[in-house]
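Data block below; observations after.
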Amino acid sequence: MGLLDILRKFRSTPQDELRILLLGLDNAGKTTLLKVLASEDISHITPTQGFNIKSVQSSGFKLNVWDIGGQRKIRQYWHHYFANTDVLIYVIDSSDRKRFDETNQELSELLEEEKLNGVPLLVFA
């Protein structure tokens, strides 16, 4: 049973479309994950300036995936993307030990966001 099957069981109303929000620090791998989900080439990834949106079909769901840039100057705008989020995926570069405190702080702040209360969270490291 995958994440999508679990979500299908917990949803109060059956829905074939999910809005997934990808967040994490810059250079954590968010865009790479998005491109892999979309079966796209990952040999040329550039830093996200703003956001990327892709729609992907998977397990009977249409996944609308929002990849938001993780640079410090962009993080202050993350809250504009919280509304109507069905799933939050927080991406961490587990090989970048120097940024563990920073990513922990950002994740802690996200967990306190009222608009994200009840939204399933997947930490992808």
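Just so we're aligned, residue 14 is where the sequence shown starts under the working numbering, counting upward by one.
Positions of the beta carbon are idealized from the N, C-alpha and C atoms, including for glycine.
The three-state secondary structure of I87, taken from DSSP, is helix.
Residue environment analysis places T116 among the buried positions, since at least 16 neighbouring C-beta atoms fall within 10 angstroms of its C-beta. S71 is bridged by DSSP to F74.
Taking the Cα of G37 as reference, the smallest distance to any Cα among L47, L31, D29, E30 is reached at L47. If you draw a straight line from the Cα of G63 to the Cα of G82, it comes to about 5 Å.
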